[in-house]
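Each residue of the first sequence is one higher than the last, beginning at 4 in my numbering.
What follows is a short report on a single structure.
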Amino acid sequence: MQPAFYDRPVLEVARDLIGCVVRRGECSGVIVETEAYHDSEPACHAFGGLTPRTATLFGPPGAAYVYLSYGVHALLNAVCEPEGVGAAVLIRALMPLTGVELMAQRRGRSPQAQRELCSGPGKLSQALGISLADNRGDLLHGPVTFEPRPAQLGAPAVSTAPRIGITRATELPWRFCLSGSRFLSAPLPRR
DNA sequence: CATGGGATTGACT
DNA sequence: GTCAATCCCATGC
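Right, dumping it as structure tokens:
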């Protein structure tokens, strides 16, 4: 995925990432759920401006923004829009593709429980071995890399919904899901 | 320097 | 359905 891919409006990138592949080492998965965050709205960490914590968000596009949620989980984002704009796409769920055994081992689950391996932003980080050390990493060169959508998957049908787990700007439909996927972090709202 | 909130998960009732 | 774990970092004194 070239740097120019991320140097676009974050809503476009969030939608276009559905069906693409995230890889770290031997483990990889197809992105089935994303959320967009932008410094113009209060749910975004960058809303409060440039601080040591948000420096990655305001940095160049195509970097990984990894931060600790609830003191427990490392959450993976892709920094978007030009340098100076604080925006990123949160990766919320994957369909496991390769390295399933290692992912299951890291998650403390059976390899057969594929739906439990990456169906949540904290889960997929644990499965891929992503930590705060991956913050600010280059998504083109790794260790965490994003790859274009496999051609055999075809054009994905994408559904939109309100974002999950936030308390502000809950009205924005900035969650993007692969329609009908069984690997989402939570079901799509009815209708 | 002390405090409190948070883009979650899993265990338990 | 409820709730604790756990820690970074922004804010305020």
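We put the beta carbon where it would ideally sit given N, CA and C, even for glycine.
In this text the structure is predicted, and so the values were computed from the model without any measurement.
Does DSSP classify residue i as helix, strand or coil?
{"i": "Tyr-9", "result": "helix"}
{"i": "Ala-58", "result": "helix"}
{"i": "Arg-95", "result": "strand"}
{"i": "Ala-81", "result": "strand"}
{"i": "Leu-71", "result": "strand"}
Taking only the alpha-carbon atoms, compute the straight-line gap between residue i and residue j and give it to the nearest angstrom.
{"i": "Gly-192", "j": "Leu-156", "result": "The identity of residue 192 in the sequence shown is Pro, whereas the question assumes Gly. Their backbone Cα atoms lie some 25 Å apart in a straight line."}
{"i": "Cys-121", "j": "Pro-6", "result": "25 Å"}
{"i": "Phe-149", "j": "Arg-166", "result": "22 Å"}
{"i": "Leu-78", "j": "Ala-49", "result": "15 Å"}
{"i": "Glu-195", "j": "Gly-132", "result": "Limits of the chain in this structure are 4 at one end and 194 at the other, which puts residue 195 out of reach."}
{"i": "Glu-84", "j": "Arg-185", "result": "30 Å"}
{"i": "Leu-175", "j": "Asp-10", "result": "22 Å"}
{"i": "Pro-146", "j": "Val-82", "result": "16 Å"}
{"i": "Glu-119", "j": "Arg-171", "result": "28 Å"}
Give me, in chain order, the residues of the same chain whose beta-carbon lies closer than 6 Å to that of residue i; leave out the 5 immediate sequence neighbours on both sides.
{"i": "Gly-102", "result": "Glu-29, Cys-30"}
{"i": "Pro-63", "result": "Glu-86"}
Measuring alpha carbon to alpha carbon, tell me which residue in the options is nearest residue i.
{"i": "His-144", "options": "Phe-50, Pro-55, Ala-66", "result": "Ala-66"}
{"i": "Pro-55", "options": "Pro-45, Tyr-70, Ala-46, Pro-64", "result": "Tyr-70"}
{"i": "Leu-100", "options": "Val-24, Tyr-73, Met-4", "result": "Val-24"}
Give every residue of the same chain whose Cβ lies closer than 7 Å to the Cβ of residue i, excluding the five residues on either side of it in the sequence, and list them in chain order.
{"i": "Leu-53", "result": "Phe-61"}
For residue i, I'd like the list of residues in its chain whose CB is within less than 8 Å of its CB, leaving aside the five on either flank, ordered along the chain.
{"i": "Val-92", "result": "Val-13, Val-16, Ala-17, Leu-20, Thr-37, Glu-38, Ala-39, Tyr-40, Asn-80, Ala-81, Cys-83"}
Quiz item: Just checking, does the region 154-164 make contact with the region 17-24 on the three C-beta pairs under 8 Å criterion?
Solution: yes
Quiz item: Counting Cβ pairs closer than 8 Å, one from the region 79-97 and one from the region 40-54, do we hit at least three?
Solution: yes
Quiz item: Would you call the region 126-141 and the region 55-70 in contact, with 3 or more CB pairs under 8 Å?
Solution: yes
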